[in-house]
Amino acid sequence: MTAYALDPQVAIRPEPFGALAYHYGNRRLTFLRDPALVAVVRDLERHDSVDEALAASGVEAARWPSFRQALATLADSGILHVR
Amino acid sequence: MSASQLTDQLKQGLDAPICLTWEVTYGCNLACIHCLSSSGRRDPRELSTAEAMAVIDELRELQVFYVNIGGGEPTIRPDFFELVDYAVANGVGVKFSTNGTTMTPERARRLAGTDYLDVQISIDGATAATNDAVRGEGSFAAARRAMDHLADAAFGPFKISVVITRHNVAQLDAFEAMAADYGAQLRLTRLRPSGRGADTWDALHPTSEQQVQLYRWLVDRPGVLTGDSFFHLSALGESLPGLNLCGAGRVVCLIDPIGDVYACPFVLHDDFRAGSVRDAGGFAHVWRRSDLFLSLRQPTSAGACASCGSFDACQGGCMAAKFFTGLPLDGPDPECVRGYGELALAGVAAGSAPAPGPGHSVPVSLTRRH
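Taken in sequence, the protein lines are chains E and H. Heads up, the first sequence is in this note's numbering, so the first residue is 10 and it goes up one at a time. Heads up, the second sequence is in this note's numbering, so the first residue is 1384 and it goes up one at a time.
Take a look at the structure:
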């Protein structure tokens, strides 16, 4: 079971479209284009797996695959790290 | 959310800028002939150290992740390092541009030891002859010395920042090799007819053939940084990496040395002055409530470009480039790759383009003699 945490070098700034995430280490700016995704990202640390975080978020199950994909992309760019 | 929906959102503005340029002084020991801020002399009204720190406090509260510090030559401010350290300590990363003349081995080591700090050395030719014709005698050697100091101090990948002109397009490969030699990142930006550039743009801006050459070179090198400044070239084919829109007052703005807030670094002119960080409500109020910025976030008309099939790609180009060449803001960019800019420029009456705003090439007088 994959579990993620927000990298400690990342700051998240809420915006009308979702949020901006900035990684102070690699200087990458990422657009989180969905408020529900932002809520999941902020909440990841409190859950033992991605699925548990998604279940707790209230995101409908049909959208889970796209959320899993988005989280994997964020992990690739260093915003999240696997724990 | 699709990419175009994101673009639409960005056009409506953000709660705080993504990319904020802060010119901390109009003082400069060089006098580049294309200087966008006509820098030279310090302005007696420049923000004090305490005022500058208050700006940093505000940027921290707004979660502005980093600030692009420039000038003038920012390092000639005696409190420059104090301000950099204060910003970094407050989670506001610093990217600063310098001509390199003040770099010493000791300063390079100090910079290398600071987290969240990026340095850009400006150089506008791959040879001394090309560079010094624009930036002044000896400036090429000074910039190279600064790069050597940063490399010796193991600073890591600093940036080499080049304004593209008619005379250095042929040196793109040489700039790339220079960056590779230093383990540096190459950054190319567009020449604007702003500041002293208003007087030199005609002679310095790339020809249309050179623009095509530059575009092809950039398409092959997505790793070369451009600050999104060549989005008008996207009308030539596939989009270049970046947001591909004019961010002025939407995602970008400028704080000038006396605290005035402008829509972008290239429009230092009263028409694009939104307010001052010294006003009640500070920077946040200017960003969120100023009439100018709110109007820049309204939907814009494509104007004369409406019937052009490339408008979605180039968005009509750069507001500053149009403004200072006397073109209407809702028409083609003067360097429109379809050639509409040249046609439009031919219709601009001599002397009718707006004069660039507050120049600091000459001393500023605070008192007026009658």
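By construction, the Cβ of each residue, glycine as well, lies at the ideal position given by its N, Cα and C atoms. All values reported here derive from a predicted model rather than from experimental measurement.
Check your understanding: Among the residues of its own chain, which have a CB less than 8 angstroms from the CB of Arg-1672(H), if the five just before and after it don't count?
Key -> Gly-1664
Check your understanding: Exposed or buried, which one is Pro-1739(H) when buried takes at least 16 other CB atoms within 10 Å?
Key -> buried
Review point. In angstroms, rounded to a whole number, what distance separates the CA positions of Phe-1706(H) and Ala-1733(H)?
Key: 14 angstroms
Review point. Taking three-plus beta-carbon pairs below 8 angstroms as touching, is the stretch 54–66 of chain E in contact with the stretch 1642–1656 of chain H?
Key: no
Review point. In three-state DSSP terms, what is Asn-1514(H)?
Key: helix
**Study point:** Under 8 angstroms between C-beta atoms of Arg-1657(H) and Arg-1575(H)
**Key:** According to the sequence shown, residue 1657(H) is Ala rather than Arg. Cβ atoms of Ala-1657(H) and Arg-1575(H): not closer than 8 angstroms.
Check your understanding: If you draw a straight line from the alpha carbon of Ser-1422(H) to that of Gly-1519(H), how long is it in whole angstroms?
Key -> Distance between the alpha carbons of Ser-1422(H) and Gly-1519(H): 14 angstroms.
Check your understanding: Alpha carbon to alpha carbon, how far is Thr-39(E) from Ser-1735(H)?
Key -> 42 angstroms
Review point. Do you know offhand how far Asp-1398(H)'s Cα is from Gln-18(E)'s?
Key: 22 angstroms
Check your understanding: Checking contacts by CB at 8 angstroms: is Gly-1630(H) closer than that to chain E?
Key -> no
Exercise for review: Measure the Cβ-Cβ separation of Ala-1509(H) and Ala-1524(H) and say whether it is below 8 angstroms.
Suggested key: Ala-1524(H) is positioned such that its CB atom lies no closer than 8 angstroms to that of Ala-1509(H).
Check your understanding: Can the beta-carbon of Pro-25(E) be found less than 8 angstroms from the beta-carbon of Gln-1596(H)?
Key -> no
Exercise for review: Could you please give the first and the last residue of the uninterrupted alpha helix (DSSP H) stretch that includes Tyr-1499(H)?
Suggested key: That residue, Tyr-1499(H), is in no alpha helix (DSSP H); it is neither H nor E in DSSP.
**Study point:** Contacts around Ala-20(E), its chain only, beta-carbon distance under 8 angstroms, and the 5 residues preceding and following it disregarded
**Key:** Counting only Cβ-Cβ distances below 8 angstroms, and skipping sequence neighbours, we find Ala-30, Tyr-31 and Tyr-33.
Review point. Which chain E residues sit within Cβ distance under 7 angstroms of Gly-1476(H)?
Key: Neighbourhood of Gly-1476(H) in chain E, by CB distance below 7 angstroms: Tyr-33, in chain order.
Check your understanding: Helix, strand or coil: how does DSSP classify Ile-1638(H) here?
Key -> strand
**Study point:** For Gly-1453(H), the residue or residues it bridges with in DSSP
**Key:** Glu-1406(H)
Check your understanding: Should Glu-24(E) be flagged as near chain H, meaning a C-beta pair shorter than 8 angstroms?
Key -> yes
Check your understanding: Quick one: which chain E residues come within Cβ less than 9 angstroms of Asp-1398(H)?
Key -> Arg-22, Pro-23, Glu-24 and Pro-25
Exercise for review: Using three-state DSSP, classify Ser-1678(H) as helix, strand or coil.
Suggested key: helix
Exercise for review: Over the uninterrupted alpha helix (DSSP H) stretch that includes Asp-43(E), give me the two end residues.
Suggested key: No alpha helix (DSSP H) holds Asp-43(E); DSSP gives it neither H nor E.
Review point. Using CA coordinates, which residue listed in Thr-82(E), Asp-57(E) and Arg-37(E) is at the minimum distance from Leu-46(E)?
Key: Thr-82(E)
Practice item. Output the boundary residues of the beta strand (DSSP E) element that contains Gly-1519(H). Key: Segment: none, Gly-1519(H) is in no beta strand (DSSP E) and carries neither H nor E.
Check your understanding: Helix, strand or coil: which one does DSSP assign to Pro-23(E)?
Key -> strand
Check your understanding: Using the beta-carbon count (16 or more within 10 Å), is Ala-1618(H) buried or exposed?
Key -> buried
Review point. So, helix, strand or coil for Asp-85(E), using DSSP?
Key: Here Asp-85(E) sits in helix by DSSP.
Review point. When the cut-off is 8 angstroms and only beta carbons count, does Ile-1401(H) lie next to chain E?
Key: Interface residue, yes.
Check your understanding: Beta-carbon separation of Gly-1410(H) and Glu-1456(H) under 8 angstroms?
Key -> yes
Exercise for review: Pull up the DSSP beta-bridge partners for Thr-1755(H), would you.
Suggested key: Examination of residue 1755(H) is not possible in this model, given that chain H is present from 1384 through 1753 alone.
Check your understanding: For chain H, is any of its Cβ atoms less than 8 angstroms away from the one on Ser-75(E)?
Key -> no
Check your understanding: What are the residues that DSSP puts in a beta bridge with Phe-90(E)?
Key -> Just to set this straight, residue 90(E) is His in the shown sequence, not Phe. BP columns for His-90(E) point to Ala-14(E).
Review point. Mind checking if Leu-38(E) is an interface residue toward chain H, Cβ cutoff 8 angstroms exclusive?
Key: yes
Check your understanding: Using 8 angstroms as the threshold, is the stretch 1559–1568 of chain H in touch with the stretch 1536–1543 of chain H, meaning 3 or more CB pairs across them?
Key -> yes
Point to revise | Beta-carbon gap between Leu-15(E) and Leu-89(E) smaller than 8 angstroms | key: yes
Review point. Which residue from Ser-1505(H), Gly-1714(H), Val-1450(H) and Thr-1708(H) puts its Cα closest to that of Pro-1737(H)?
Key: Thr-1708(H)
Check your understanding: Near Ala-1835(H), what residues of its chain come up, given a Cβ to Cβ distance below 7 angstroms and the 5 sequence neighbours on each side ignored?
Key -> Nothing about residue 1835(H) can be read from this structure; chain H reaches only from 1384 to 1753.
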